[in-house]
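4 protein chains.
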Amino acid sequence: MKRIFDPVHHFIELSAAEARLLDAPAVQRLRRLRQLGLAYFAFPSAEHSRFTHALGALAMGTRAFDELAKHGRAYFASERDVEDRRRLVRVALLLHDIGHGPFSHACEAVLGVRHEERTRAILASDDLRAGIEAADVDPAAVLALILGDSGGAYPELRELVSGPNLDADRMDYLQRDAYFTGVAGGRYDADQLVASLRLLERDGRVVAGIDGRGVVALESFVLARYMMFASVYFHHTTRLFERILQDVLRELWPDPRTLDDIDEFLRWDDFRVLNELRDRSSEAATALRERVRLYALAAEFNAERDLHAYEACRAALAERFGKANVWADEQSQVLHRLPLVADDATPTVWVGGAAGVVDAREASDLIRKLTGKAYWRKLFVRRGAVDVESARRICREITARAR
Amino acid sequence: MKRIFDPVHHFIELSAAEARLLDAPAVQRLRRLRQLGLAYFAFPSAEHSRFTHALGALAMGTRAFDELAKHGRAYFASERDVEDRRRLVRVALLLHDIGHGPFSHACEAVLGVRHEERTRAILASDDLRAGIEAADVDPAAVLALILGDSGGAYPELRELVSGPNLDADRMDYLQRDAYFTGVAGGRYDADQLVASLRLLERDGRVVAGIDGRGVVALESFVLARYMMFASVYFHHTTRLFERILQDVLRELWPDPRTLDDIDEFLRWDDFRVLNELRDRSSEAATALRERVRLYALAAEFNAERDLHAYEACRAALAERFGKANVWADEQSQVLHRLPLVADDATPTVWVGGAAGVVDAREASDLIRKLTGKAYWRKLFVRRGAVDVESARRICREITARAR
Amino acid sequence: MKRIFDPVHHFIELSAAEARLLDAPAVQRLRRLRQLGLAYFAFPSAEHSRFTHALGALAMGTRAFDELAKHGRAYFASERDVEDRRRLVRVALLLHDIGHGPFSHACEAVLGVRHEERTRAILASDDLRAGIEAADVDPAAVLALILGDSGGAYPELRELVSGPNLDADRMDYLQRDAYFTGVAGGRYDADQLVASLRLLERDGRVVAGIDGRGVVALESFVLARYMMFASVYFHHTTRLFERILQDVLRELWPDPRTLDDIDEFLRWDDFRVLNELRDRSSEAATALRERVRLYALAAEFNAERDLHAYEACRAALAERFGKANVWADEQSQVLHRLPLVADDATPTVWVGGAAGVVDAREASDLIRKLTGKAYWRKLFVRRGAVDVESARRICREITARAR
Amino acid sequence: MKRIFDPVHHFIELSAAEARLLDAPAVQRLRRLRQLGLAYFAFPSAEHSRFTHALGALAMGTRAFDELAKHGRAYFASERDVEDRRRLVRVALLLHDIGHGPFSHACEAVLGVRHEERTRAILASDDLRAGIEAADVDPAAVLALILGDSGGAYPELRELVSGPNLDADRMDYLQRDAYFTGVAGGRYDADQLVASLRLLERDGRVVAGIDGRGVVALESFVLARYMMFASVYFHHTTRLFERILQDVLRELWPDPRTLDDIDEFLRWDDFRVLNELRDRSSEAATALRERVRLYALAAEFNAERDLHAYEACRAALAERFGKANVWADEQSQVLHRLPLVADDATPTVWVGGAAGVVDAREASDLIRKLTGKAYWRKLFVRRGAVDVESARRICREITARAR
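Listed in order, the protein sequences are those of chains A, B, C and D. With the working numbering, the residue at position 193 of the first sequence is 199, and numbering never jumps. With the working numbering, the residue at position 305 of the second sequence is 311, and numbering never jumps. With the working numbering, the residue at position 307 of the third sequence is 313, and numbering never jumps. With the working numbering, the residue at position 116 of the fourth sequence is 122, and numbering never jumps.
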């Protein structure tokens with residue numbers, strides 16, 4: 007057994023086989039992918055990697071699974087079945103991010119391939135497959151859990167791995183991102199949330215959810231997500247440099263199809279991209295290397311009622327300064343991190359209680375109010391080409407009239 | 007200068023005159039009043055006193071004042087004016103809670119006198135008056151600030167002391183209560199909130215508010231209040247024993263008018279009440295001493311739409327089990343701690359920006375959603391007299407029908 | 007199962023029988039005994055009770071026991087034997103402090119009875135005995151563990167409960183006192199220390215100790231004790247008021263023998279003593295109530311080489327100002343809290359490794375340097391009767407000459 | 007003014023000129039140098055950069071300087087003089103690490119040039135010189151402070167920047183390294199240490215030191231250094247891979263002299279070295295890339311009395327397995343980080359008090375015991391070439407005999 011120390015979860019224990027899996031190049035590569043991409047431009051200490059997050063997700067997922075098993079032993083065939091699924095969940099969480107490219111979301115935007123899709127090919131490599139099997143886990147079940155494949159053998163475990171709302175991925179990254187940025191608002195009552203996890207029966211199916219006494223902990227979890235979004239993930243400095251980064255990536259990868267080759271893809275990581283900047287002289291590469299703000303924030307919008315104002319401002323700026331000089335950031339790539347985005351047909355989190363199993367929106371006024379589409383929008387204009395003060399005034403006037 | 011160490015704010019510095027004021031019996035008495043009353047029945051470590059909170063409020067208020075003064079020097083007549091008001095704010099915050107009786111809210115409920123009203127008489131005592139004047143502060147101005155008297159000389163400082171929404175009282179107690187209970191959800195981004203404080207002009211008046219870039223910090227502050235309410239202040243165990251405590255206080259004070267005498271009033275504190283329990287044999291005294299849960303929670307309600315169900319359950323329980331065996335807890339005494347309770351006419355927090363000074367509800371979708379009346383209600387029934395399971399079933403059925 | 011939340015250890019779980027034991031009046035009384043006595047005169051927030059410490063000791067002891075059992079299953083007769091001893095350790099730690107009187111050390115100094123001796127009588131009371139047996143634990147074994155009785159049935163568990171060096175008592179109180187005072191120096195690497203605990207064989211006996219890889223964690227534990235002593239436990243303000251408190255206790259208990267009756271003894275707690283101050287007019291009672299410093303620190307000594315200077319100063323002050331006006335504080339009552347006080351014959355902590363089981367002084371240069379007698383001494387003089395500046399000068403001159 | 011958020015020091019404020027200096031490529035390069043080099047092999051989350059440390063050193067140095075100035079205004083010619091020196095200290099701390107090469111100590115070992123020596127050339131570059139002058143600071147004074155040049159104009163400020171014992175560099179990195187590794191033992195009472203800083207007069211010179219009441223805080227600072235050394239800086243996994251890294255660097259830089267050119271030197275950073283590993287097939291490069299432990303720890307020694315045993319083991323291993331297969335790690339490159347290494351002639355920290363200004367070894371028994379040479383030694387053997395168990399047994403036997 008190997009013990010690894012982590013400032014968020016303290017000791018994380020790994021079996022010998024898990025520790026060997028950790029040393030696989032595709033997993034060690036996660037040390038060179040930052041959990042928060044370019045957020046260090048706004049929060050300098052946000053330098054933590056997806057590698058520490060993978061360990062943290064394994065740790066949180068184990069605690070979550072153990073709580074489900076402790077209260078739901080009846081849903082498992084045997085003690086051995088518990089152990090089998092526990093190993094599966096751990097390995098799936100350790101590997102859930104291996105499909106990410108450099109700077110994750112920017113990379114996906116440029117290459118047009120979601121990280122989950124890369125996972126299949128990477129898991130199929132000989133060394134990973136062998137490592138997973140050495141840990142007495144079925145690689146196909148790992149893939150199904152990571153992809154959230156509805157045909158997977160253990161549907162009730164999917165929520166723990168791929169969410170969308172009670173996954174160990176989020177349970178770790180909120181705590182981790184809050185710790186490494188220092189943003190207090192991202193902390194939530196993780197002990198209480200884990201303690202309330204339960205397997206529940208809903209319409210004849212077994213689903214993962216929470217006990218009714220955990221509603222406040224779930225609220226704190228949802229609010230922490232909201233606060234991290236507002237403070238960190240959508241910070242305008244980060245967004246601005248991620249926009250510039252996309253131009254850099256297009257320059258580095260004139261033919262995105264070359265990265266369809268998984269070996270070539272795995273040769274790329276954040277450090278290599280930053281390293282490539284050294285000798286490049288394009289405007290984007292220079293801006294990223296020397297921290298030049300090519301864009302300026304003209305306006306931001308946070309509420310549904312401002313959607314019209316947003317569209318009107320966007321159109322006005324484009325007309326006045328030219329479409330190429332306006333960047334309307336709808337931030338759709340990170341929307342899956344939002345608090346409980348849901349439509350009426352999709353459940354959020356199941357909550358058990360004396361009165362049966364209900365959706366969290368039924369159990370909590372606060373969650374009902376916070377659930378739904380997000381309305382964060384930002385409008386940037388190019389410095390140099392646009393008079394920033396004029397752009398801001400135009401937006402202010404339109405917004406004031408629209409209200 | 008005296009330095010006091012505090013786990014929340016680290017060093018708190020006091021002038022020699024402030025340190026002497028601290029030693030006044032009416033201030034030392036705050037060591038025997040707990041900040042969270044009987045919450046230690048639910049959170050054992052919540053044993054912190056109003057004394058440490060008074061020091062913490064002084065510390066937060068000083069930071070808040072310094073930020074206002076740094077950015078708003080134009081609103082002060084002179085450097086000396088800054089110093090004068092700073093001393094005033096500090097002393098007012100140090101003394102803002104001296105009017106509390108034992109267990110605060112329970113005491114107010116039984117005696118029918120709000121703590122602010124006691125403050126006038128206590129401040130008028132010779133030793134406090136002399137201590138305040140020795141700190142070069144006007145006792146009348148202190149009283150006006152604590153009472154939030156609209157005729158006070160420094161209206162823009164009232165918000166810092168008596169709120170209702172940006173006061174150093176709340177800024178300290180949220181951090182402190184979160185620290186001493188360990189509830190993570192109560193933490194907010196205090197550094198960012200303080201850094202965004204500004205004096206603003208609104209309709210020709212100077213008001214305290216925040217800069218537009220502080221909206222996220224304000225949201226974290228509002229959410230922290232919500233979470234502490236949901237987790238700690240309204241915890242059913244605390245509420246239940248506070249109900250029992252009221253019976254004990256009535257027993258201890260058969261004639262509440264004897265405590266109108268301020269010297270007699272000051273002779274009472276939490277420790278004395280707990281001490282008085284030792285030799286009493288009434289049901290309430292025994293229950294408080296031996297932690298006997300005389301009541302059981304039958305149902306709780308958190309949303310506006312459940313108000314009808316709440317009323318219906320309350321009526322049904324009263325009819326079935328007798329009015330005397332049902333306790334409907336609307337928690338109105340603690341409602342002033344709620345996040346941004348406001349009506350349409352009263353502002354919440356002023357937010358400055360390029361577009362002028364607006365209400366926080368305009369600046370934040372989240373704050374608009376959370377502002378308004380609170381709908382937390384609990385129904386308790388007396389154990390022994392009532393079959394608890396039947397009571398819970400009645401409530402469940404009524405609530406299910408009402409939705 | 008009952009879950010209690012604690013800011014130091016997060017959730018602490020109790021069985022139903024343990025939770026009922028918690029409600030026994032002798033245990034609830036611990037809520038009215040402060041862990042750090044009068045230290046709140048120097049650190050205002052040090053208001054935490056022995057009740058929270060008792061829960062914390064149970065929590066740490068459980069973690070420690072589980073680690074011993076996990077690695078030392080061979081030393082247990084059966085799985086059931088593990089469970090039996092685990093319950094025993096938990097109950098013993100929950101109850102280990104029930105013999106303390108008000109303000110603990112001051113009380114022991116005045117009454118001349120050590121708290122462990124009261125424990126026997128208290129444990130013999132009907133309700134505690136019944137409560138312990140309901141938890142399926144033998145009251146006699148509990149008593150033996152608390153007293154560190156060498157004839158006890160489980161000698162290897164004594165170290166966990168009554169020390170002297172690896173007990174869960176210290177493991178909790180260092181973390182707790184550091185948390186509630188805010189003194190960073192009191193934190194140690196508790197996770198690592200617990201992870202290194204092992205049952206070892208030494209000269210044919212099974213002893214509790216640590217694995218060799220835990221030496222650094224043990225060092226951090228020893229240093230944390232040193233720092234808490236230097237910062238908090240021996241703080242001159244605390245010592246000074248504990249001296250005054252002894253006079254108050256003598257006033258309250260003119261005949262100490264009345265407290266030999268255990269029922270009478272249990273009727274006393276910190277809150278009652280503080281309450282009794284209200285109407286007393288003796289110098290000591292007034293001083294404690296109004297925080298009057300009757301003594302002033304004339305000199306303090308921390309090193310062995312200063313022992314002669316200490317004795318010389320003490321004699322000189324006594325000669326000059328009268329013996330009654332000098333208080334030489336050798337702090338012997340708290341010496342048992344010191345880091346690894348030991349003589350050559352008594353082991354400190356056993357450390358296992360490839361080379362066999364050795365004393366911690368063999369395994370760590372740092373521990374060898376820090377082990378031994380403590381040489382903290384303070385000389386106080388009575389204000390009013392003594393010119394403090396003269397007293398300090400006398401001590402300075404003697405000390406300078408002595409070096 | 008620009009505000010940067012840091013999890014250790016919260017808001018760090020920079021003037022506009024300082025913020026521009028931050029964007030200089032030589033400063034931004036610090037983002038690609040890790041504060042703890044390869045320590046992330048043992049503590050995965052230790053991924054923080056020298057960039058965040060430089061900001062933290064500036065923050066701690068400012069607090070330290072402000073305390074010195076507040077209590078020592080008499081040592082400054084004017085208010086303007088205070089401001090001038092404050093700006094100087096801030097800029098010097100911001101830039102104190104710009105001379106580091108990739109992986110710092112390994113780089114120095116390979117290139118044979120200490121980082122301070124590079125600093126002169128880097129500071130002489132046009133853009134840094136201009137940036138420093140724009141911040142109204144003299145580049146020559148910055149260089150003198152960083153180099154600890156005894157001929158510098160402000161000798162009393164040298165201690166704050168280049169130590170050896172009270173520098174803001176250590177004040178920050180201990181807190182930061184403790185935070186990012188999670189090792190509790192590295193925390194010290196920074197608030198108390200800073201609060202005790204004073205300018206003192208000793209033999210007619212002004213020196214930086216501490217007030218006598220700060221001795222405990224100084225002890226906690228010294229102990230924190232000790233603990234971080236024992237837990238992190240000398241961790242055998244880190245040391246082992248730093249040894250391998252040296253071989254990699256020699257491979258990357260066959261002619262070390264090419265890096266004498268400062269432009270070429272600045273083109274190297276940790277990320278580039280890691281990036282270069284991708285396509286290399288040497289044993290060292292492969293080991294570093296795939297985390298292969300080429301060496302195994304045979305024995306470690308921590309005490310002076312073990313020096314003979316260390317030498318004997320070293321000789322025995324070399325004789326048995328060949329010198330090339332044994333690595334004796336005396337860790338001399340990191341010794342400057344040790345607690346209060348000093349000889350009798352060199353002072354440690356000056357401590358002021360009523361009895362004059364004395365060395366910290368006079369004021370603290372603990373510091374006297376801990377001061378002196380360090381005796382940490384480790385012996386590694388090459389896996390494959392050496393039978394590790396035999397090597398360990400040889401060392402055990404020699405050590406046992408030597409004691």
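Virtual Cβ for every residue (Gly too), placed ideally from N, Cα, C. Just so you know, these numbers come straight off a predicted model, no measurement behind them.
Check                                                                                                                    : Outcome
One or two residues paired with A334(A) in a DSSP bridge                                                                 : L385(A)
Helix, strand or coil at E207(A) according to DSSP, with G and I counted as helix                                        : strand
Bridge partner(s) assigned by DSSP for I10(A)                                                                            : I18(A)
CB of R398(A) within 8 Å of CB of A360(B), strictly                                                                      : yes
Proximity winner among F57(D), G154(D), Q181(D), relative to E168(D) (alpha-carbon distances)                            : Note that residue 168(D) corresponds to Ser in the displayed sequence, not to Glu. Looking at the Cα atoms, G154(D) is the closest of the given residues.
7 Å Cβ cut-off: residues of chain C touching N281(B)                                                                     : F277, R278, N281
Closer than 8 Å to chain C by CB, H77(A)                                                                                 : no
Euclidean distance between Cα positions of G137(D) and A22(D)                                                            : 11 Å
Any non-hydrogen atom of the ligand ZN closer than 7 Å to E282(D) Cβ                                                     : As presented, the structure is devoid of all ligands, the ligand ZN included, so that no description of it is given.
Contacting positions in the region 386-407 of chain C - beta carbon closer than 8 Å to chain D                           : R398, R402, T405, A406
Cβ neighbour criterion (16 or more within 10 Å) applied to K8(B)                                                         : exposed
Member of L134(A), A115(A), G358(A), R126(A) whose CA lies at the smallest distance from the CA of R219(A)               : G358(A)
For R164(D) and H59(D), believed in contact at Cβ under 8 Å, the rounded distance                                        : Contact flag wrong, Cβ pair sits at about 19 Å.
Residues of its chain near E225(C), where Cβ-Cβ distance is below 8 Å and the 5 sequence neighbours each way are ignored : S370, L372, I373
Identity of the residue in H102(A), A406(A), R256(A) nearest I128(A) by Cα                                               : H102(A)
Alpha-carbon spacing of A174(A) relative to R96(A), whole angstroms                                                      : 10 Å
Residues near A196(A) in its chain [Cβ-Cβ closer than 7 Å; skip 5 each side]                                             : M177, Q181
C-alpha gap between A334(A) and E306(A), whole angstroms                                                                 : 10 Å
Assigned secondary structure, I268(C) (DSSP; H/G/I helix, E/B strand, else coil)                                         : helix
Neighbour list for L61(A) in chain D, Cβ cutoff strictly below 8 Å                                                       : P50
Separation of V222(D) from A236(C), as counted between CA atoms                                                          : 7 Å
Simplified DSSP state of A214(D), which is helix, strand or coil                                                         : strand
Proximity test, Cβ basis, 8 Å: G191(B) and chain A                                                                       : yes
is_contact[L372(B), chain A] using C-beta, thresh 8 Å                                                                    : yes
Of the residues V238(A), I268(A), R278(A), A290(A), the one placed nearest R4(A), counting alpha carbons only            : Here chain A comprises residues numbered 7 to 409, so residue 4(A) is not present and cannot be evaluated.
Residue-chain proximity (D195(C), chain D), Cβ-Cβ < 8 Å                                                                  : yes
Under 8 Å by beta carbon: chain A residues contacting M66(B)                                                             : Within chain A, no residue comes near M66(B); the closest Cβ sits about 15 Å away, beyond 8 Å.
Any 3 or more C-beta pairs closer than 8 Å across the region 267-285 of chain B and the region 225-234 of chain B        : no
S55(B) to L246(B) span [Cα, whole Å]                                                                                     : 21 Å
4 or more residues per run - each alpha helix (DSSP H) lying fully within the region 304-330 of chain D                  : 313-327
Contact residues within the region 11-22 of chain C, judged by C-beta distance below 9 Å to chain A                      : F11, H16, F17
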